[in-house]
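Undergrad: What follows is a structure written as structure tokens; I'll ask about it next.
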Amino acid sequence: MYRSLKEAALDLEKHKELIRIKTELDPNLEMAEVHRRIFDAKGPALLFENVKGSNFPALSNLYGTIDRTRFLFRDTLAKVQKIIELKIDPMLALKKPGKYWRSGFTALTALPQKAWSKPIKYGQTSIDKLPLIKSWPMDGGAFVTLPQVFSMAPGDKNIMRSNLGMYRIQLSGNQYELNKELGLHYQLHRGIGVHHSMYNNSPDPFKVSVFVGGPPSHAFSAIMPLPEGLSELTFAGLLNGRRFRYFWENGFVLSADADFVITGTVVKNKKMPEGPFGDHLGYYSLEHDFPVMEVDKVYHRKDAIWHFSVVGRPPAEDSSFGYLIHELVKDLTPQEFPGLKDLHAVDAAGVHPLLLAVGSERYMPFRERKPEEILTIANRILGTGQTSLAKFLVIAAQEDDPNLDSHDIGNFFRHVLERIDWRRDLHFQTKTTIDTLDYSGNGWNEGSKVIMACCGPKLRNLSTTLPDNFSLPDGFSEPKIALPGILAIKTRAYSDQKTAETEAKKLEEQIRNYDLKEIAMILLVDDSEFTAFNLNNFVWVTFTRANPSHDIYGVGSFTEFKHWGCTGPLIIDARVKPHHAPALEVDKKIKEKVDKLFAKGGELEKWG
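Residue -15 is where the sequence shown starts when you use my numbering, and the numbers rise one by one after that.
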């Protein structure tokens, strides 16, 4: 149980899970570069004590390892898991009373509580005096990267019907007037967006509060996908083992235990350019129009610490959030998706681009064993909540291997590629929505999806070598085996769709002369050595850069009654396209400057 972010930081320091950085560092790129290096080294949480341009210290990498994340919530995880289970299926309390009898008392003690003590009202400041963290060179300005954005419907005073979400906040840059305006990145179908739509039809001002810091559970609660009717504030109290404390001030709700609270009013019919922003797919999300908030006040507590993270190509600090969410809800998957045994949103692929799943496919006597039930499961996955954003969904039947684990990515692909029949097992959805942050489609938030479903006996043994005298046509070079049965080929830079189709046809005509029955998948990439270097590179390149309807080809391809398939290896064009967002790259001068901190004699030499 933590009463503040400072208590959590001191607890980590006591257990040698936090270090203090005394060197003055610029929040403009330098602090983010330090964070990334310490995260990559699986290092401790970081307390930046000397932030250039601000009197407030800043904390990052709090959730930088799974072990540290579990440590922060060590006393409450099991209790919270039971509460979530009961929320989904209340009958569990009758079926297993010995396991759940304490859960009702736990839930009651976690209800939000009006605060008598109000540490957040210690002082007021302005946006320009905060640590204005900019993480990547092309970012549009400074952002709050772990905000807890609080809103309520017009006229509603019931705190249990509030919404607390993590929607990124742009503090500076673009056309925003510093200290007076902020950018809010959210869509109208999300929690706060629903409130926004309601306020558009209401005379009431749309008042919003942005909490930063507070006990670690508060930030996590803002991103947790909760069962209907379970308040984020209640969840924050459950996970912390201490009730969420709040109070009203001038029509705004303030978190009493936050380190900072920014209050303001969202202008109902006003939008301004927000972004670019280095995002969790490993690319920039580009500049688009989003709602604007006019700043009212910026509150802070006496010992305020600015809590931030650095978003970028996964795995990153927010990967621990995904892990913890999985731990809390894994037992509920069969209830949400009947027949589904295992589901993995692949973090290294940016989460939404690639889902791996294991489902039940019960044997039908006297019939060919083929995907049937798992297709029903797959369609339900693509029609439900956050999983509807998936672009590639690969699903296999548990009956073919009872020990199949979607989190063992290499073995999962081996299992699937040994069995999948490209003539039958591809199912496309075209002209549909994909993740807003995914620019691989044919328009913003527009693209396609594909289900790859496999069921049945092995059809091939996967090769890690190429046939003797294997050669490629002009423009194709450096073939590399990325995984057994998966061949990455370097190809000239992508120009346009028509040329890409011609290139794929040229490759198909050449390689159909070879015996490639042990190669199941061919990737066309900009750098085959990079793609094949490790598993993370393979999934990142392949599934973030391809739009299924446009970028999938195949040897011996055909269309039969609107069903597309191929008789030979599947070909995926995973090159960078002209319409893609730029990939994230570190500023060389910043890198050289930060190098000194990690060099011999530098403050962070140990982590160099």
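Idealized CB from N, CA, C, for every residue including glycine.
For clarity, every value in this text was computed on a predicted model and none was experimentally measured.
I think L61 touches L116, with their Cβ atoms under 8 Å apart; what is that distance to the nearest whole Å?
TA: By 1-based counting over the sequence shown, the position of residue 61 is 77. By 1-based counting over the sequence shown, the position of residue 116 is 132. About 34 Å; that fails the 8 Å criterion.
Undergrad: Excluding the 5 residues preceding and the 5 following L238 in the sequence, name in chain order all residues of the same chain whose CB lies nearer than 7 Å to its CB.
TA: By one-based count along the sequence shown, residue 238 stands at place 254. For L238, where only same-chain residues beyond five positions count, the Cβ hits under 7 Å are I104, S193, Y230, F231, V245 and Y283.
Undergrad: Where does Y106 land, buried or exposed, given buried means 16+ other C-beta within 10 angstroms?
TA: Along the sequence shown, one-based indexing puts residue 106 at 122. Classification for Y106: exposed.
Undergrad: Out of curiosity, what's the CA-to-CA distance linking E1 and E462?
TA: Reading the sequence shown from its first residue, position 17 is the one you call residue 1. Reading the sequence shown from its first residue, position 478 is the one you call residue 462. Rounded to the nearest angstrom, the two C-alpha atoms are 44 Å apart.
Undergrad: In chain order, which continuous runs of the alpha helix (DSSP H) of length 4 or greater are located wholly inside the segment 139 to 214?
TA: You should have 175 to 184 and 200 to 205.
Undergrad: According to the neighbour-count rule (16 or more other Cβ atoms, all chains shown, within 10 Å of its Cβ), is W85 buried or exposed?
TA: In the sequence shown, residue 85 corresponds to position 101, counting from 1. At W85 the pLDDT is 45, less than 50, meaning the model places this residue with poor confidence; the figure from the coordinates comes in the next sentence. Burial call: exposed.
Undergrad: Could you tell me the distance, in whole angstroms, from the CA atom of S390 to the CA atom of L410?
TA: Translated into the one-based positions of the sequence shown, residue 390 becomes position 406. Translated into the one-based positions of the sequence shown, residue 410 becomes position 426. When rounded, the distance between both Cα atoms is 19 Å.
Undergrad: In the DSSP output, what is L467 paired with across the bridge?
TA: Walking along the sequence shown from the start, residue 467 turns up at place 483. Note: L467 sits in a beta bridge opposite I470.
Undergrad: Which residue from A362, E(-3) and G157 puts its Cα closest to that of D112?
TA: By one-based count along the sequence shown, residue 112 stands at place 128. Among A362, E(-3) and G157, the Cα nearest to that of D112 belongs to G157.
Undergrad: Does DSSP put I495 in a helix, in a strand, or in coil?
TA: As a working mapping, residue 495 is identified with position 511 in the sequence shown. Three-state DSSP puts I495 in a helix.
Undergrad: One question on the structure: do P532 and D422 come within less than 8 Å of each other, judged by their Cβ atoms?
TA: Here residue 532 is taken as the residue at index 548 of the sequence shown, counted from 1. Here residue 422 is taken as the residue at index 438 of the sequence shown, counted from 1. Not a contact, by the Cβ cut-off of 8 Å.
Undergrad: How far does the alpha helix (DSSP H) with H399 in it reach, from first residue to last?
TA: Taking the sequence shown and counting its residues from 1, the one referred to as residue 399 is at position 415. Note, H399: alpha helix (DSSP H), I393 to R403.
Undergrad: So if DSSP puts Q382 in a beta bridge, which residue, or which two residues, is it bridged to?
TA: Here residue 382 is taken as the residue at index 398 of the sequence shown, counted from 1. Paired residue(s): none; Q382 is not in a bridge.
Undergrad: Helix, strand or coil: which one does DSSP assign to Y84?
TA: The residue you call residue 84 lines up with position 100 of the sequence shown. Only weak support is given to the placement of Y84: the predicted model assigns it a pLDDT of 48, under 50, and the value that follows is read from those uncertain coordinates. Three-state result, Y84: helix.
Undergrad: In angstroms, rounded to a whole number, what distance separates the CA positions of R351 and D384?
TA: Taking the first residue of the sequence shown as position 1, residue 351 is located at position 367. Taking the first residue of the sequence shown as position 1, residue 384 is located at position 400. About 16 Å.
Undergrad: Nearest-angstrom Cα distance between A126 and Y47?
TA: Position 142 of the sequence shown holds residue 126. Position 63 of the sequence shown holds residue 47. Going by the C-alpha atoms only, they are around 21 Å apart.
Undergrad: With DSSP as the reference, label G259 as helix, strand or coil.
TA: Locating residue 259 in the sequence shown gives position 275, where the first residue counts as 1. Reduced to three states, the DSSP call for G259 is coil.
Undergrad: Rounded to whole angstroms, what's the CA-CA distance from D59 to N224? Just pull it up for me.
TA: In the sequence shown, counting from the first residue as 1, residue 59 sits at position 75. In the sequence shown, counting from the first residue as 1, residue 224 sits at position 240. If you take the alpha carbons of D59 and N224, they lie about 8 Å apart.
Undergrad: At 3 residues or longer, and completely inside the segment 542 to 568: list those beta strand (DSSP E) runs for me, N to C.
TA: Fully enclosed beta strand (DSSP E) runs of 3 or longer: 547 to 550 and 554 to 557.
Undergrad: Are the Cβ atoms of I470 and L507 separated by less than 8 Å?
TA: Translated into the one-based positions of the sequence shown, residue 470 becomes position 486. Translated into the one-based positions of the sequence shown, residue 507 becomes position 523. Closer than 8 Å, so yes.
Undergrad: Counting only beta-carbon atoms, is D480 nearer than 8 Å to chain C?
TA: Given the protein chain composition of this structure (a single chain), no chain C is represented.
Undergrad: Just the C-alpha distance for F23 and A567, rounded to the nearest angstrom, thanks.
TA: Position 39 of the sequence shown, counted from the start, is the residue given in the question as residue 23. Position 583 of the sequence shown, counted from the start, is the residue given in the question as residue 567. Each residue's Cα considered, the two are about 19 Å apart.
Undergrad: By the three-class DSSP mapping on this structure, what secondary structure does A77 have?
TA: Translated into positions along the sequence shown, residue 77 becomes position 93. In this prediction, A77 has a pLDDT of 48, which is less than 50 and means its spatial position is unreliable; nothing more can be read from the coordinates.
Undergrad: Drop a sphere of 10 angstroms on the beta-carbon of S479, count the other beta-carbons inside from all chains shown, and report buried for 16 or more, exposed for fewer.
TA: Taking the sequence shown and counting its residues from 1, the one referred to as residue 479 is at position 495. Answer is exposed; the Cβ neighbour count stays below 16.
Undergrad: For E485, is the classification buried or exposed, using 16 other Cβ atoms within 10 angstroms of its Cβ as the cut-off for buried?
TA: Locating residue 485 in the sequence shown gives position 501, where the first residue counts as 1. Under this definition E485 is an exposed residue.
Undergrad: Tell me the DSSP bridge mates of V509?
TA: Walking along the sequence shown from the start, residue 509 turns up at place 525. Note: V509 sits in a beta bridge opposite K474.
Undergrad: According to DSSP, is L2 part of a helix, a strand, or is it coil?
TA: Sequence index remark: in the sequence shown, residue 2 carries index 18 (1-based). The answer is strand: DSSP assigns L2 an E or B state.
Undergrad: Classify I435 as helix, strand or coil using the three-state DSSP reduction.
TA: Working through the sequence shown from its first residue, we reach residue 435 at position 451. If DSSP states are grouped into helix, strand and coil, I435 belongs with the strands.
Undergrad: In angstroms, rounded to a whole number, what distance separates the CA positions of W428 and F397?
TA: If you number the sequence shown from 1, residue 428 lands on position 444. If you number the sequence shown from 1, residue 397 lands on position 413. So the alpha carbons of these two residues sit roughly 30 Å apart.
Undergrad: So does the segment 533 to 546 actually touch the segment 489 to 501, counting three or more Cβ pairs closer than 8 Å?
TA: With a cut-off of 8 Å, the segment 489 to 501 and the segment 533 to 546 count as touching, because enough Cβ pairs lie within range.
Undergrad: So, is A333 buried or exposed, given that buried needs 16 or more other C-beta atoms within 10 angstroms?
TA: In the sequence shown, counting from the first residue as 1, residue 333 sits at position 349. Buried, since its Cβ has 16 or more Cβ neighbours within 10 Å.
Undergrad: Under the three-state reduction of DSSP, which class applies to M277: helix, strand or coil?
TA: Within the sequence shown, numbered from 1, the residue matching residue 277 stands at position 293. Strand.
Undergrad: What distance in whole Å lies between the Cβ atoms of P96 and F236, which are believed to be in contact at a cut-off of 8 Å?
TA: Along the sequence shown, read from residue 1 onward, the residue named residue 236 stands at position 252. Along the sequence shown, read from residue 1 onward, the residue named residue 96 stands at position 112. About 15 Å; that fails the 8 Å criterion.
Undergrad: From which residue to which residue does the beta strand (DSSP E) around H411 run?
TA: Here residue 411 is taken as the residue at index 427 of the sequence shown, counted from 1. Note, H411: beta strand (DSSP E), L410 to T417.
Undergrad: What would DSSP say about E233, mapped onto helix, strand or coil?
TA: Here residue 233 refers to the residue found at position 249 when the sequence shown is read from its first residue. Strand at E233.
Undergrad: In the structure shown, what three-state DSSP assignment does D570 receive?
TA: Residue 570 sits at position 586 when you count from the first residue of the sequence shown. Here residue 570 turns out to be Val, not Asp, going by the sequence shown. Note: V570 maps to coil in three-state DSSP.
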